[in-house]
Amino acid sequence: MMRQILPYPLLSLGMLILWLLLQQSLGLGQILLGSVVALFAGRALAALQPEQPRIRRPFKIIHLMGLVAVDVLWSNLAVARIVLQGRHRKQTAGFLLLPLELRDRSALAILACIITATPGSAWLEYDAVRGTVLIHVLDLVDDQEWIDTIKHRYERLLLEIFQ
Amino acid sequence: MNTLLDHLVVLPILLPLAAGALMLMFDDRQRVTKAFINVFATALHLVICVMLVVQAANPTDLLAASYPIGNWPVPFGIVLVADRLSAMMVLLASVLGISALVYSLARWHAAGPNFHTLFQFLLMGLNGAFLTGDIFNLFVFFEVMLAASYGLALHGLGLARIKAGLHYVAVNLGASFLFLIGAALIYGVTGTLNMADLASKVATIPELDRGLLEAGAAFLGLAFLLKAGMWPLGFWLPTTYAAASAPVAAVFAIMTKVGVYAVLRLSTLAFGIEAGASAGLGQTVLQIGGMATIAFGAVGVLASQTTARLAGYCVLVSSGTLLAAIGMGNAFVTGGALYYLVISTLAISAFFLIVELLERIRIAGADVLAITLEAYGDDEEDIENDEIGLAIPGALTMLGICFALCVLLLAGLPPLAGFLGKFAIISALFNPHGLTEAAIITPASWWLASLMIFSGFAALVALTRTGISTFWATMSDTPAPVRVIEIAPILLLLGLTVVMTVLAGPVMDYMYVMAENLHSPAIEIGNILATPLVGEVLP
Amino acid sequence: MSETILFWTIMVSQFLLAGSMIAATSRMIRGPRAQDRILALDAFYVAAMLMLVLFGIRVGTSVYFEAALVIGVLGFVSTVALAKFLMRGEVIE
Amino acid sequence: MTPSFLLTFALLLPFGAALVAALLPQNARNAEAWLAGTVAVAGLGIMIYLFPHVAAGGVVRHEIQWIPALGLNLILRIDGFSWLFGMLITGVGFLVVLYARYYMSPKDPVPRFFAFFLAFMGSMLGLVLSGNIIQLVIFWELTSLTSFLLIGYWFHFAQARDGARMALTVTGLGGLGLLIGMLIIGQIVGSYDLDVVLASGDLIRAHPLYLPALLLVLLGALTKSAQFPFHFWLPHAMAAPTPVSAYLHSATMVKAGVFLLVRFWPVMAGTDAWFWIVTSAGMATLIFGAYAAIFQTDLKGLLAYSTISHLGLITTLLGMSTPLATVAAIFHIANHATFKASLFMAAGIIDHETGTRDIRKLSGLFRFMPFTATLAMVASAAMAGVPLLNGFLSKEMFFAEVAERDANPFVNLALPIGATLASMFAVVYSLRFVHGVFFGPKPEGLSKLPHEPPALMRRPIEILVLLCLVVGIIPGVTIAPYLAAAVVSVTGPDTPYYSLSVWHGWNLALAMSGIALVGGVLLYWALYGYLAKGVDGPPLIHQLKGQRIFERIMLIITSKWARRLEARFGTRRLQPQLFLLFVLAVGLPASLLLTRLGGINLTFAGFDPAFALLWAVGIVCAVAAAQQAKFHRLVALVLLGGTGIVTCITFVWFSAPDLAITQLLVEIVTTVLILLGLRWLPKRVEDMRDEAQLLKARLRRYRDLVLAGLAGVGMTVIAYAVMTRQIPSGISKYFLENAYQLGGGTNVVNVMLVDFRAFDTLGEIAVLGIVALTVFSALRRFRPARESIAKPEQQRIQNEFDDRAPERSQGDTVNEYLLIPSVIMTWMFPVIIVLAVHLFLRGHDQPGGGFAAGIVMSIGFILQYMAGGTRWVEDRLRILPVRWIGSGLLLALLVGVAAQVVGYPFMTTAFQYVEIPYIGRVPLASALIFDLGVFSLVVGATVLILIALAHQSVRSPKAARNAVPIKEAEVSSDAPVEIR
Amino acid sequence: MTEIPVWAAILVGLFALIGSLLTFIGCMGLARFDSFYQRIHAPTLGTSFGAIFVLAASIIYFSVSGQRLAVHEVLIVIFVSLTTPVTLMLLARAALYRDRAEGNGNVPAAALGKDTVVKAADDL
Amino acid sequence: MELVLAIGIGVLTSCGVFLMLRPRTFQVIIGLSLLSYAVNLFIFSMGRLMVGAAPVTASGTIDPTHFTDPVPQALVLTAIVIGFAMTALFLVVMLAARGVTGTDHVDGREQR
Ligand code: NA
Ligand code: NA
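For the record, the sequence lines run as chains Z, C, H, D, E and X. Taking the numbering used here, the leading residue of the first sequence gets 152, the next gets one more, and so forth. Taking the numbering used here, the leading residue of the second sequence gets 57, the next gets one more, and so forth. Taking the numbering used here, the leading residue of the third sequence gets 281, the next gets one more, and so forth. Taking the numbering used here, the leading residue of the fourth sequence gets 22, the next gets one more, and so forth. Taking the numbering used here, the leading residue of the fifth sequence gets 939, the next gets one more, and so forth. Taking the numbering used here, the leading residue of the sixth sequence gets -16, the next gets one more, and so forth.
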């Protein structure tokens, strides 16, 4: 019953927050209206029957976000420097094949977003059979360093959150 | 506003919209239901239009019955205006509509989805264009009309229709841009979109801005003239009309008249005698363009290899005649032209319906599908075999008579109204101040009169050629598979022209009053600007 | 004072964003491959979005926010469609 | 029984009877004949009854109101002259009916014959009884039309068809000329009333427009009367059944031309122009017709040319402009009618009884049909102008008139000689007719044995011949009073004395008669040998085949030239059409602006470098898009996006947030839309044109560039001029001031859309809905180009790759490709819905609204289609776009109609602030419901358009396989979702 | 424009400048880098901290001038960082496919064999 | 500002007109889009340009001179929607024509 009304509680909560942010109001009316809209949006998503992500430790997400934010900031500066160096710079860009343990699609999606949103690295191709991902790195000096960063900083956390 | 009569002006727009929208709620397989709704709505529509004409003809009423949409004051809101002219045009559209619709029920309505809906939307667009008193709203209704016409022109698909449709759409899109530019420019200079308001402002526009205003009018005019098929803007027309299915072409007969109507409306309202320095704007263009159109149309009539194309060129001749006549800027000429407008529209519409039946006679016995197959390449026509109505005996004779009547009407030969229309125009050209007043005949009048005669002769030559080869040279033993519901609409249209011949006196009087009102629009402008509202705006 | 600061900083910022758009346009035109152009269009969208946000600050009103939001939420749809077209030869299979 | 009533009755009777005749059964020969005969007799009776009223120059007139505003009322008017014609029409008509009863074969469809015949009779009567010159033209053209139908009666013969068409073309053309002529006369006189016109002779002749009017009237008269050079149609009209010829070419149709000349003689004759044109046309026709008649081998051909010649005689007389000549003309009109009708009938009997009309095959018929032969001989004698027959009398008068001395020596000599010569020829052809047919050896090779016709069939000829005789012998008793009445009504009360007696003493006219008779006999004798050879057609002018020249001219003008002109001044190609449109769009406004634009003051106030830079980008994108559109479609599309964004920023820059949002959303949808279409546009084919063609194409490109440049300059100038001019005091203030108070919203643009100008919006959403339906209809039977039927190259390769790899299955590549992105795209679905609701609800007060929300919503759907594919989405969502469209329209409509129900105009909105607990004051506007309709329609229409396109991909393999059009049922079985 | 305190103005201006500059640098990279796979990193400057700084400027400005917290700009940050990767991933993978298909040697081969050579979609 | 926009409108018009005169249907559709931008901007410009004066009023009485003219904006909105519809229509007709004629020439056959 509850699952029918509220198939994705977390999502619906997110939608309510989205609604309130859009209205820039915390009035009771808006909360009520937003709840209705959020419920409806949740039902709509349910119609599409996406895979249900099982989130075990939601609070780790905040940890992850903080981590990512810091990394992205540094990456911004690094890439900006590379751009400004222009053609004098030595070519260091390269591809990287990364084996992953992560299998949950939602988790993979988040990881892909993180890697791609981070300046200097881009998620290119995921091989579902072998569980490997091809990544392009702008400043690829040490392969292993990248692999470690991704596997230890992000994948581990994501595994904790989702599995 | 508590009776239906109070809302009469808006009904010709609402009814088709409601009917069209309602039909969307039905599955496309429920064609009979849709056909029923369509026939019912169109018949009701006809009644409404007759009432509208009666109301507009009533001399005790105001010259124009104006209707403030949304109860907003003129010139801020959109106002609908039903004067004699618009009422007449709306009625004409509905007559064409009902006859084409009945005709289509024999087979064409099944040639593709959504025919009935598009048909109602076309009526809505036409009526809106005739009734609106607002320039931008006119654009919107033009687009409604055009959008529906694109769909209907493609109805049945096939190579010829698609090729013609591409040109039709492209050219009309170009014209729509010009319309927008013109309307916007006029707004930019005058600050108004209401036609009556515009008319009242034209005379007092600052001299500095007059050029811009007139340029705006020129853009609008071009858009209208393209719809009217004026040479050299009308080359798309014969092809498109010839390719369209018969009932669609029959309704299209009035679409060019929308362009003519708009030209007449704006040129008399905004650029009539009261327009100060802009009075008579564009008359030379109309005269020359109109005459060139007649000449080109007549040449095309002679050059046409198929009857459908010939009919398309007849449309051009009719348009050219009207444009040139309007370009004369004389109420008498306009009066005659208005009579001619009605007659030629009815005749052309009937002719488009006949053309298809003629084709059927030519290859009598052969299934119509085979004909279309041949004409339109390898395309299959999925017209289902649910033809309605009975094949009639003596169909050939009936068709022959109908065809002969069409020849008379299109060539402007006596005794039918086609002759009277041309006579009325030429007589007014020769006697611009009335028959008893002496006047010098201008060269333009000479040219126009000669061209009208020439075009009539061309039509006579070409149509006799067609008629002889259809009715006399081919002797088919198999009776033509013509149905009552195909002949009946033709008879209705032609019958109306006969009625208009017999009652030419009163009809002509109606037209002259209409023309008189058009050429001295001050009262009508005043009436529109003073359109009363209902009480206060709703709480 | 604050008005002057804002005026100049926003102006320069907008100028920079316009410069970003020029850079993106140059890539759009130079290509060489379709993917480069689509990538440039995406960057173009982002610069445009930020331009709108700055414009909101400049005139002190948030009525333009939704326009920026629409780019932020939906701008990717057209580039996604383009990218998918490149990969698969059609947008919806 | 007032005369005016009788007149009306006489006119209506034939037309009414024609309708009845048409409805009788096919084989009702007797009934038809009775009907037609009764009508003719009734007409004749009425005419006779009316004679006293017209006898002494009297006029009976009856006016029926028709179109008073145009000066066109139906006026029936009879005077002595029209009475004479009335007699001929009804009298000869009756005889022809009688004759036709026996002539027409039972196989012929008689209802058509008698219906046309009666209609023709009515038209002819209408013509002569017209008291309004426009009405006269109307009946004039009616005679052309009905005679066309009569001539083409046996339309299975090509000759009949051609003859009918030629007759109609020539006489129809003349009729149109006549119309203009009459209009000019009406303009001169100020009335179309015949009586007024007849009283204005001096005015007309003195008017500067006299000459054109004359020429046009003569064009009508001369074509109708088959005068040189318009004579050629008449012989070919002989393809008609003989009763028709007997009627049309003796008493009626061709006589209409001379009727007109006589009718307008009082007002138009007497000038040099009249004299020269009419007389020379008449004289030429007289001689030419007679000459040509001699050499005809077809009996009816001979009679036809003879008719032409006699009409020439009448025309010549009228041309001379003297009252006495006119008397002679009127007299000859009547005489010719009698003898020529009888001769045609005789020829018909011969044809009927022998099966041929060829003089060469006929001979010695006297012994088989002595009665008929005798009658024909008497009539021929009248035709030849033998004394004691009516033809002699009028010919004598003719000779007397031409013999009158004239000031011009040429005329003085030419007229008498010509007249005598023609008369001599007349004797020759009359002799040939009589001698060739009735005398000589027995005919050979006839299909049947000839004998006398039924007595009743001969009766008409007997009556006519009798008339020839009595008029010829005792003219004073028989014809004189009637002729006098006719003459007076034309030449007026002051008509000089004329004598109708047979003997006028020895005079020049008699001498000429004598010369003609004797010379004719001698000439026949001299020509006998040549004629016996049976060469058809006159020597010397044999090559001059009027018909062939006519057909040739018609072919050249109406077909060859017309086609060439159509191609020269028209086009069926799109590019020239658009080019012309843009030329006019540049030229016309420019012509109005060039000298009157007024000052343009350059201002750089508020210049912003960022904005300028922005537009530099926009311009570069646009130009690059234009340049790339031919060979790099995708690139053009991307660049178009760049321009779109710049436009969108411009809207924001100048305070139009709603526009920016809408523009942006439409931009996104358009990109997807065009991409969906791009899949069906195969690669460009290589240019196969040669150097010259390429050069031409390049020149065209430069030309277009110039035009495009001018268009751009024009738009720049106009836009700049308006932007820098004073704002006019317009309607906008009202909307700003009242949007909140009266419309209940602070977003003025939205209030305009859903309230002030909601009617526009209603139309606009209708357009969107219509287009969606059209797109759907067009795509339901969509036939992709052959090269695009197969799956795109990429998919083929990727599938192949999947197939080759052992652990992969087809589709893995795409699944992997979308694996991660589709997660995010799916999760965006609820976000987009929330955004749509947000935009919708705030629309009335803030930027947004139903349209924007609708597009956002549909983008949400499309995104899912992109992420999961058609089947994936349609397994999960049930979208009925057509219903969305329908309900959107109905909803919007209902809001409008609701106002009407409570007595307000359509679309009057209502709004109220409602206090809702916990939420506060909320505006509830009916306009919001309207906006909901907009939303629903936009979602439906956009989704329908895009999905209908997307469905082609699902469909196409099947289409390629079966090559049959996809029917409805297949579409729905194909896809779980119903796309309507 | 509402008057706001100078400290806020400086902060807003600075953030706006930094954000724009980052975006600008990103687009510079887009224009300057040699290969597509390098260019793909460039726009992320704008979508990450370029956007964050500009939007932060906006948040500060409106919060200070409107006397209430205006944080809806956060939404843009969230959605941009969520959606840009989608585009980039799809685009990069498409580029990879095309490069492999054309045999451009600078990209790692697909896990299994080589795609056949095809013409580019640029020719459309 | 006015000058920049006016030139922009002019260039877009030029490109649009030029493309509409080209023989390939795809060129025409891109031309239609460009022309439609130009026309929309033109309509918009007829209300004159004002920065930071969006016609979103307060809920009390207002001074209309502080807001830009809303009328052209309403017109442009209608024009955008109709323009979108027509683009879709033209696209489909163009595809249909390409299918049945076998060429993307606007006349349905290659011109020589
Ligand atoms: Na990245
Ligand atoms: Na496999």
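In this text, a Cβ means the ideal position worked out from N, Cα and C, and glycines have one as well. The model shown is predicted, which means the values in this text are computed figures rather than measured ones.
| Check | Outcome |
| --- | --- |
| Run the CB neighbour count on residue 941/E, radius 10 Å, all protein chains shown included, and call it buried at 16 or more, exposed below. | exposed |
| Taking DSSP's pairing of strands, which residues face residue 278/Z in a bridge? | 283/Z |
| Roughly how far, in whole angstroms, is the beta-carbon of residue 983/E from the beta-carbon of residue 960/E, given that I think they are within contact range, below 8 Å? | 5 Å |
| According to the Cβ coordinates, are residue 31/C and residue 665/D closer than 8 Å? | What the structure shows of chain C is the stretch from 57 to 595, and residue 31/C is not part of that stretch, so it cannot be assessed. |
| Tell me which same chain residues have a C-beta within less than 8 Å of the C-beta of residue 329/H, skipping the five on either side of it? | 348, 351, 352 and 355 |
| Just checking: is the beta-carbon of residue 206/C within a distance shorter than 8 Å of some beta-carbon in chain X? | yes |
| Take residue 321/H as the anchor and find which of 342/H, 359/H and 285/H has the nearest alpha-carbon. | 359/H |
| So what's residue 1004/D in DSSP terms, helix, strand or just coil? | What the structure shows of chain D is the stretch from 22 to 1001, and residue 1004/D is not part of that stretch, so it cannot be assessed. |
| List the residues of chain Z that residue 822/D touches, going by C-beta distances under 8 Å, in chain order. | Those do not exist, as residue 822/D stays about 13 Å from chain Z at its closest Cβ, beyond 8 Å. |
| Counting only runs of 4+ residues fully inside the region 530 to 586 of chain C, write out the alpha helix (DSSP H) ranges in chain order. | 540 to 558, 560 to 575 and 578 to 585 |
| Where does residue 786/D fall in DSSP's three states? | helix |
| As a quick exercise: from 449/D, 738/D, 922/D and 622/D, pick the residue whose alpha carbon is nearest that of residue 539/D. | 449/D |
| Taking just the CA atoms, how far does residue 140/D sit from residue 56/D? | 13 Å |
| Cα separation between residue 289/Z and residue 273/Z? | 9 Å |
| Run through DSSP, which three-state label would residue 84/X get? | helix |
| Does residue 271/Z come within less than 8 Å of chain D when only Cβ atoms are used? | no |
| Residue range of the alpha helix (DSSP H) that residue 254/Z falls in? | First-last for residue 254/Z: undefined, no H or E at that position. |
| If you draw a straight line from the C-alpha of residue 537/D to the C-alpha of residue 416/C, how long is it? | 60 Å |
| CB-CB under 6 Å to residue 123/C, same chain, minus the five flanking residues each way: which ones, in chain order? | 65, 66 and 136 |
| Exposed or buried, which one is residue 278/D when buried takes at least 16 other CB atoms within 10 Å? | buried |
| With a threshold of 8 Å between beta carbons, is residue 352/C in contact with chain D? | yes |
| Measure from the C-beta of residue 22/X to each C-beta in chain C and report whether the shortest distance is under 8 Å. | yes |
| With H, G and I counted as helix, E and B as strand and the rest as coil, what does DSSP make of residue 944/D? | strand |
| Would you mind stating whether residue 299/C and residue 220/C have Cβ atoms separated by less than 8 Å? | yes |
| Looking at the C-beta of residue 77/X, does it have a partner C-beta in chain C at a distance below 8 Å? | yes |
| Helix or strand or just coil, what does DSSP make of residue 997/D? | Unreliable positioning characterises residue 997/D in this predicted model, as indicated by a pLDDT of 30, which lies under 50. A coordinate reading is not provided. |
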